[in-house]
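Numbering (the numbering used here), first residue to last: -9 to 374.
Idealized CB from N, CA, C, for every residue including glycine.
It should be emphasised that the depicted structure is a prediction, and the values quoted were computed from it without experimental measurement.
Laid out in structure tokens, this is it:
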């Protein structure tokens, strides 16, 4: 447990939502509700003590210290002005306390900004929305957890084509400047992630590594985002920033064309892998655990390691998991093997939890109980 952060959260707030291709409402088997404080309307955000400590620590040591993580999915990342549109309850400190109590050391906080952004040319972010993001971040920080803040389901306007690039880069610069300035006083337990799964949504190559143009433009989008963050100076001059591959994928063309902005030493690679697809994401093949299954998964991790180990880059597996198919034993075996593959390679594994126990949800946000505690324990134990 870390001792460098001393954060007291006095305003409990939050919101709710969705990611990784799933927009189904939660189904935790309980109608129990939890009281929540409304979102603050003042300009102050949460009234907490901010620890601004920035440690002299390498990215690889940093990622090792991140341990295992959990995504607050389908929460602040709904593609709707109504943050409850995808069925999750408002986030409470008690909820994040339970995540920390299980042993998770990192909270990934997916955030969609476009429904809380003013018009061009300023693209001003709503103060109440920034307050909400900050308050939930403080729920994690008060538990000595790392927190990752990103731009998530804004694919509607972040289109990676040469035609769209000038307007998108301008908006990304202004959006990240505002986010970075809000969190600039915070220490290095706050991590920025420039983009979630940047890709040309709806294109034939969307999940196949995109086109050469798309990969080039995604690199440009990461570049302006990192530049905007660094330009705010202070702690943001050296803050750890996660930068994803195209669509956060691991394909050969994706890895080959990936560029770290400015060769920045404090950039951490962000990837996602729901592998194997039929078992983990599609849910059409509920069986996993043969020697061949393990060999195929190991080979994917070897490819990742061979690419980034030679470049000296730390890696975070920002999303992974398996959807429920009445196959608890297979899911447990997969989670344990997957998390250990990450741990052996110094990769932080962050489980995708969308709040739906019939899909990726392993934690009941209404009752604050673990639906699949064995899976959670396997993930945590791997990095411990």
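DSSP places residue 244 outside any beta strand (DSSP E); the residue lies instead in the alpha helix (DSSP H), whose first and last residues are 242 to 247. Minimum Cα-Cα distance from residue 182 among the listed residues 171, 192, 189, 191 corresponds to 171. In the displayed model, residue 305 falls within a strand according to three-state DSSP.
In this structure, DSSP gives residue 314 a state outside helix and strand, which the three-state scheme calls coil. If you draw a straight line from the Cα of residue 260 to the Cα of residue 287, it is about 18 angstroms long. Note that the C-beta distance between residue 44 and residue 220 is not below 9 angstroms. Residue range 136 to 140 is occupied by the beta strand (DSSP E) that includes residue 136. Excluding the 5 residues flanking it on each side, residue 212 has same chain C-beta neighbours closer than 7 angstroms at 184, 185, 233, 251, in chain order. Around the beta-carbon of residue 58, 16 or more other beta-carbon atoms lie within 10 Å, marking it buried.
Going by beta carbons, residue 137 and residue 99 fall inside the 9 angstroms limit.
Here the stretch 137 to 157 lies against the stretch 93 to 107, with 3 or more beta-carbon pairs under 8 angstroms apart. Between residue 304 and residue 53, the gap from beta carbon to beta carbon is short of 9 angstroms. Runs of the beta strand (DSSP E) spanning 3 or more residues and lying entirely within the stretch 180 to 236 occur at 180 to 183, 231 to 234, in chain order.
For the pair residue 127 and residue 80, the CB atoms are not nearer than the 9 angstroms cut-off. Annotation: residue 348 to residue 223 spans about 44 angstroms, alpha carbon to alpha carbon.
Using a 10 angstroms sphere on the CB of residue 248, the tally of other CB atoms reaches 16 or more, which defines it as buried. When DSSP reads this structure, residue 338 sits in a beta bridge with 306.
Beta-bridge pairing by DSSP links residue 59 to 96, 340. Here residue 130 is buried: its Cβ has 16 or more other Cβ atoms, across all protein chains shown, within 10 Å. Taking the C-beta atoms as reference points, residue 231 is found nearer than 9 angstroms to residue 256. DSSP lists 232 as the beta-bridge partner residues of residue 258.
In this model, residue 309 and residue 341 are separated by some 6 angstroms (Cα to Cα).
Here residue 114 is exposed, its C-beta having fewer than 16 other C-beta atoms within 10 Å.
In terms of Cβ geometry, residue 196 and residue 237 form a close pair [threshold 9 angstroms].
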